[in-house]
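Taking it in order: structure first as structure tokens, then the write-up.
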Amino acid sequence: MTVLRRLRGDRGFLAGAVVALLMVLVAVAAPLLAAAAGQDYTTYHDNLLDSARGGVPLGRFGGLGAEHWLGVEPATGRDLFARVVYGARVSLGVAVGATLLQVLFGVLVGTAAGLGGRWADAALTRVVDLVLAVPSLVLAISLLAIVPTDWPRPLLLAAVIAILGWGGTARITRGETLSLRTRDYVAAARLSGAGRFRIARREIAPGLAAPVLTYAALLLPTNMISEAGLSFLGVGVRPPTPSWGQMLSTATTWFRADPMYVLVPGGLLFLTLLAFVLVANGLRRALDPRQSEVLR
Amino acid sequence: MIGYLVRRLGGAVLVLFGLSLLLYGLFYLAPSDPAILTCGKGCTPDRLAEVRHAMGVDEPAATQYAHFVRGLVGGRDYPAGPATRHCPAPCLGYSFETDQPVTRLLLDRLPVSASLALGAEVLALTAGIGAGVLSGLHRYRWLDRIVNGLVLAGYAVPVFLVGLLLLLLFCVQLQWLPFPSYVPLTTDPLAWAQNLLLPWVALAVIQTAAYARLTRAGIQETLAEEHIRTARAYGLPERRIIWRRALRGALLPLVTLTAIDLAAVMTSAVLTETMFGLPGVGQLLVGAVNQIDLPVVVGVTLLAGLLIVAANTVADLLYRAVDPRVELR
Amino acid sequence: MSTLTVEDLRIRFGDTVAVDGLSFALPAGGTLGIVGESGSGKSATALALLGLHTSATIEGRIGFGDLDLTGLDDKRWRRVRGARIAMVFQEPLTALSPFHTIGDQIAEVYRLHTGASRKAARQRAVEVLRQVHIPDPARRASNYPHQFSGGMRQRALIAMALACRPQLIVADEPTTALDVTVQAQILDLLDEVRETTGTALLLISHDLGVVAGSTDRVVVMRRGIAVEQGETAAVLGAPADAYTRELLQAAPHPTPPRQIAGEPLLRLCGVRKHFKQRRREPVKAVDDVSVDVRSGETLGIVGESGTGKTTLARLMTGLLTPSAGTITLDGVDIARRRGGSVQMVFQDPLSSLNPRRTIGESIADPLRLSGVRDPRPRVEDLLERVGLAHREYDRYPHQLSGGMRQRVGIARALAPHPRLIICDEPVSSLDVTTQAQVLALLEDLREELGLTMVFVSHDLAVLRQIADRVAVLADGRIVEIGDTAQVYAAPQHPYTKELLAAVPVADPAEARRLRALRRSLDPQPETTSPQR
Amino acid sequence: MRRIAPVVMAGTLLLAAGCDGSGGATSSSAAFDPATCQGGTLAVLNQGGISHLDPARLYTSGGGNIPSLLFRTLTTRNRQPGEAGAKPAPDLATDLGTPSDGARTWTYKLRDGIFFEDGTPITSADIKYGIERSFAPELPGGAPYLRDWLQDAADYQGPYKQPEGIKAIETPDDKTIVFKLRKPEGDFPYLATATQFAPVPKAKDKGVGYEAHPISSGPYMVESYQPKKSLALVRNPHWSGKIDSLRYACPDRIEVTSGLDAAVINQRLVSGAGPDADAVTTDAVVGPEQLAQLGNGGPLDKQVARGEFPATYYLAFNTKKAPFDNEKVREAISYAVNRTSVVNALGGSTVAGPSTTFLPPQKTLGHQPYDYFPAGDNGDPAKAKQALADAGVTNLTIELAHENDDSQGLGPKVAAAVQEALKQAGITVKLTAIDAATYRDVTGKPATQPGLSLQYWGADWPSGGPFLIPIFDGRQIIKAGGNFNLAQYDDPAVNAEIDAINALTDQSQAQARWGALDAKIGKLALTVPLAYEKDVYLFGKNVKNAVPDGWRGTYDLARISVK
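Residue numbers (this note's numbering), protein chains in the order written: chain A, 1 to 296; chain B, 1001 to 1329; chain C, 2001 to 2532; chain D, 3001 to 3563.
See the structure below:
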């Protein structure tokens, strides 16, 4: 396929894909990796901290060494490597979950609006407009703060991010559907007696795949930033569970005393985001060469 | 035009009511009780009931919401000790936590958020368009590659990470800039800008990336259009073609985006304000959320919603003004 | 006055040779036509004359008066462009900047080359707009291009070309995007301009008819090579080259009319289709049309853009439901038609095929719907019948040429054994030679399968070849209907007369006769404004 | 930058910035002369703001830091460094009050020459009115003691609904005020330091709106005030140092900026650029960034004040819930906790110390050391397992409730440290995060109270009473909510001892008996004390006399100079 060929020739995409894949593997294999390091993400190591100086890790580079590959967390002495790989789980998991939900929601609503009657379209478009007009960060903070604290946090985060962010997908899907349904081949299918659902499945859906996929690829890093931001603000995942954004938020008080604690999660977050942006960019260029020139 | 504005206004009212209803509903469902915080340590149940009554949160949610809507439309009176306080329309109520009128709190904080958002937007536009033009004109050369790389990186850094690094570098390590603290523009313009510089940069990164990308694409796209070929065929110099024709077309989508972004930036400045300790609307919200300060949360959310709707309308009008082909629908 | 001499011109894009050893001369005040199908290198030549290629290698010599254009630097080129050689492009909408008024765009060019004051430039703009018969030019000058109709935009472009009184106007397919009647007006305008200003004209077209009436000499190009050139009358009258002959032959020819007196198969009775618009009068796309399509006949429907012919075609298939009136197929309401008894062949063969499915699947779909388990053999038969190979089954639309795609479209229409096929401009996007092949295929099929056809087109010549009866559509109404021969020989309605007079013909003498006829009919240049 | 926002109310904030017994100042104050300290502008950089500047709504310890600049009260803290500072001193009154009727009646005489900022003389009626206001439900938030202590005042609804006032407060003349209590309260002079004892002129009372410009009786008055954002104070022309020797009131102007991040505040105090050199903070305890630079003789060592506010972090058992009704289980947990990791989670040994007693180690509270379940600082899993075995409990799984936010030291960090330590002893701990805003509500209602929760208790004044009574007095168990006796412990003997100590007006006697009571109750393992609080505050390099007072553990704005 030409798409694959184009992707294979895109160095940025390849680099991004390798890093992104690696991060996904890290997230999936977090328990294995932590076990391989001989650590887990909860055990305290008070003996590795300088309590009089606020609990900063003893030794250079945040206590980095053979025991603790990336050093330990200040104030607790928990293994930073273990926490970072488990953090990848949350950061990626929430982002992927939110993206899937957004796409599911967006595509359902978008196609329903695009293929439904005039009233369905008008009503759904209103709803989408409403979703798009909602100040999402503001509302996300309010929502997450109101919801009882014993609800499963990562799921909740994914849901909230998705609920506030499916408008774009819906709008794009609707636009794309509206444009696809006026194509002559849809008319031809109708003439040959195909029903509404057959047309949606056979004629419209394949055409939606590329634009939706491209858009979803861009949503993923955006959602990751949202998760990190919300955790940073303290309404994201609850601290016993590590997430990069939340680690960064604790790290802000340590940036001088223990720079490793900022650099490790911060660097990883940046690297992963960059990887996903590169993948999204590559996908867009490959799937829709003309469109990519417009969007770039 | 008038019809258009009326329709837009209707939509806005709908959105805002939806938002406020949502928040009221959620707060009612939530287990938190704002009266407990207000009542303080050592509050007995009797006392709590009295406080709850004084705050008006002992009424059913529907009644509270009805009061809220009535206050919004026609103002309302609050008991306040010896006399009653009148809260004129549009009344968003009084903060549970500080007993200040929410409208005043918002007006107090708005200049900070506006300074932040406007400055960041100006910065992003300047840098973004500049980079985009350079990149668009030097397509696929090293300059273009560098800009492209920066654009991608710009998409990949969260605001708080940039903010953190900027603080670390300029305030702690080099000590070139003071730790940001808000100084009103009217008091001391220089100090205003100096203090806001880092927040601006932090906030502008993503927008800069977006604008650079859009400008580059716009220039490419417009340069490929046939009327540019016509201009060339009639001997117009390249510079004139780029500045008068290509950029005009390229900036068209930017106009809309800028107006919408301005609202988005203002409402998403929460992170920046929290991180730099700027007393803006975002900081107000974050504090209010933790204090279960419903009137303030509703107020901020409505303001944000209003800003977004207004920005969308302005964007449409601007687009109409800039592109003669567009009709308002 | 300068003569344009092109000697051994060679234009290459990388390894592709677009123009190979082209030579011709155009004397001052003369007219020359370049004719060829797509890919013949005619447009590449036009761009080379103004030095507008950016990534091509150009060899040979282009002399213009005392200038050697091939050796000019950018600065010198700019002094030639617009001032001494002006160009008129194909798409009048996209060729003008949407952000500036017509007057400003013309004035800008004038100021640039003459250094005139703003006011003088503005006056000149109004003057040339008047010269190209734009009504109320002073007011119209401050309009934006989108406020002009297609024909007026092309006039404005010609005005812009005239602004600096160039010695040569290069017109690259100036009328392809326009309706027949407007095309005729623009060609007449170019002719008039040439006569009154004495400028030379280089007219590039794929249509022999366009060139025939407007040029003294003609160059016929094919795949970058000039196969023949000479006096227009001589080349078209007695072509020496086989390709020229092929082109002339491919142009539609009137066929002896058939008399079909079958029973009415499709009946339209008082059919209207109005599209509602917000706060405006509804668009009456089809307005009170009553017509019968007789079993076995080919009914031609002719109309220009915006006359509602596509809407009518879709109404006939049941894809659209009429706002009023009835459409019946064999006495049954078309909305309740069964299976694929009515099929359609679409104008754009690319957009009528799903780009993400193989053409085999596209054709097989209606068969599957009618219960065929393994449609592949049937599809392969159909492919063969429309002149395609079996292996095309697994290919995607973008891998085929335009003509092949249209054959696929026909095969798909045939698949469910239709009784009626509606063809909506099926050949208008094809080159002349391909067009001839597809028309021939359609005629064969009709005969073989005993089909009834409705053939919608803007092209009177095509209809004359294929239709038994012709209905003339104007503003959503049928203004005239009759046997093909009768309508063409003795048109009754003035609009039909105007249409027929506007048809470009490849015979120079006939072309001149028609031009004279048009002048006597003296149609008002259209002043309608603007579709959005 | 840390959390979404500190869950700090004006009252608790000032409480936390509490008092100190033993901490000494490192700053040299030998050369300080209050007579020549006048002038300059003092900047106060704070995290949380004052959300209410109304004396009725402020919940302060010893009059608070900023409120004490505006409001004089009947008594106030004596503002001395160290242990000496943990005593009350007369402020508007001429002395600490005259008890009679077995400490059931307290009589105060007002000084001469005391005025409001508008020049009106302050009368005993103004003080009475101020106290009555604090009973109004429209003005909630103040300290609750008087409702309990005064005769027949529990149902009083404030002067707006019941203008007849509180009968138990008598003002026979403009200079005299008499409080009639329903039981003996030897600590009354301590309570009289609370801001609700500040005078409010009835004529100027605007109810809820009063706080926009409360009428000052102290050395400064409000120039401008935006809640939680900024407060600017200027000199009160009608105040004079001659009739207020405790407050030096050195700066001409004080500007408070709120809503700043703790890390930013501390960094600004360290950098000391421009006006930051004249800056202090009343609520941003030093962070790890600065701790790293402290104690090595560097320049920063001269810019730090170390004090101790009496406060304890502890685990509270609900002894009505299994398995915590089993004393052996409680002991096992007492053995298992690792106080080192708790201290680290709280910010390290500079800002917290391990504690095995419920009373923190200040002498004024009567602290007596004890350690009934000795396990070293790191816990003793073996002994914990033994205790469990004795109790016949295996595979113990318990839930630990904590706040969802770390800002109060009751958050997930400390909870996780406890969880981890108990894991070593074979006890599985499930963490239950409760929203900080409702934490006290959930844990303070016996019906919803979890079996084990993380708690903090700080003294409203430096005495054993306010530390032990709410926690262990069986008559203080409030079923409907607002309960602090989380063990739901009710021993008539203990209750009687509390009453007996309350009747004492001799503080040194009271101290000894509070300490003994704590040591007695400690044996029952009703709580697991974890750590006590230490306070380390930075101040700008031009700031002089930033000496922590003995009551609140931080420096006193009324005595700081920037000249």
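Virtual Cβ for every residue (Gly too), placed ideally from N, Cα, C.
With a cutoff of 8 Å on beta-carbon distance, D/E3211 and D/D3054 are scored as near each other. The alpha-carbon of A/R89 is positioned some 4 Å away from that of A/A27. Checking the DSSP bridge columns, you'll see C/P2494 has no partner listed. If the five residues before and after C/T2321 are omitted, its C-beta is found closer than 7 Å to the C-beta atoms of A2335, all from its own chain and listed in chain order. Residues of the stretch 3341-3357 of chain D that bring their beta carbon within less than 8 Å of a beta carbon in chain A comprise S3341, V3343, N3344, A3345, G3347, G3348, S3349, T3350 and V3351, in sequence order. In the three-state reduction of the DSSP assignment, C/E2173 falls in the coil class.
For D/W3239, same chain residues with a beta-carbon under 7 Å away, outside a window of 5 residues either side, are G3218 and P3219 in chain order. Annotated three-state conformation of D/S3341 is helix, per DSSP. Of all alpha-carbon atoms in A/A15, A/A30, A/Q102 and A/L58, the one lying nearest the alpha-carbon of A/W166 is that of A/Q102.
Relative to D/E3289, the option among A/A66, A/F13 and A/F255 whose CA is nearest is A/F255.
Look at the stretch 1040-1057 of chain B: the residues with a C-beta under 9 Å from a C-beta of chain D are G1040, K1041, G1042, C1043, T1044, P1045, D1046, R1047, L1048, A1049, E1050, V1051, R1052, H1053, A1054 and M1055.
When C-beta atoms of the stretch 2345-2363 of chain C are compared with those of the stretch 2385-2404 of chain C, three or more pairs fall below 8 Å, so the two segments count as touching.
The stretch 2011-2022 of chain C and the stretch 2056-2074 of chain C touch, with no fewer than 3 CB-CB distances between them shorter than 8 Å. Neighbourhood of D/L3291 in chain A, by CB distance below 8 Å: A52, R53, G54, V56 and A257, in chain order. For A/V279, no Cβ of chain B is located within less than 8 Å of the residue's own Cβ. Any Cβ of chain A closer than 8 Å to the Cβ of C/G2339 would place that residue at the interface, and such an atom is present. Between A/L70 and A/R238, the alpha-carbon positions lie close to 23 Å from each other.
The DSSP-derived three-state label of A/I199 is helix.
Residue state for D/I3122 is assigned as coil, using DSSP reduced to three classes. C/V2302 places its beta carbon less than 8 Å from that of C/S2457. Look at D/K3320 here: in three-state DSSP terms it is coil, with no helix or strand label. Rounded to the nearest whole angstrom, the C-alpha separation of D/A3305 and D/I3471 is 31 Å. Taken in chain order, the unbroken stretches of beta strand (DSSP E) that lie wholly in the stretch 2209-2294 of chain C and span 3 residues or more are 2217-2222, 2225-2231, 2264-2277 and 2280-2294. Here the stretch 1077-1089 of chain B does not lie against the stretch 1246-1258 of chain B, with fewer than 3 beta-carbon pairs under 8 Å apart. Cβ-Cβ distances below 8 Å link B/E1121 to A1204, Q1207, T1258, D1261, L1262 and V1265 in the same chain, with the five nearest sequence neighbours on each side left out; the list follows chain order. The beta carbons of C/I2466 and C/Q2343 sit no closer together than 8 Å.
For A/A200, the CB contacts under 8 Å within the same chain, skipping 5 residues up- and downstream, are T111 and L115 in chain order. Taking 8 Å as the CB threshold, B/R1325 lines the interface with chain C. Within the stretch 2082-2114 of chain C, no residue places its CB atom closer than 7 Å to a CB of chain A. Take the alpha-carbon of C/F2013 and the one of C/S2038: they are about 16 Å apart. Relative to the Cα of C/T2181, the nearest Cα in the group C/L2460, C/G2476, C/R2469 and C/R2464 belongs to C/L2460. Judged by DSSP secondary structure, B/D1077 falls within the beta strand (DSSP E) whose first and last residues are R1076 to A1080.
Scanning its chain for C-beta atoms nearer than 6 Å, with the 5 sequence neighbours on each side dropped, one finds around A/E176 the residues L208 and P211, in chain order. With the rule of 3 Cβ pairs closer than 8 Å, the stretch 1012-1028 of chain B counts as touching the stretch 1290-1301 of chain B. In this structure, B/G1132 is the residue among B/V1159, B/G1003 and B/G1132 with its C-alpha nearest to the C-alpha of B/I1146. In this structure, A/G63 and A/L48 form a Cβ contact; the two beta carbons are roughly 5 Å apart against a cut-off of 8 Å.
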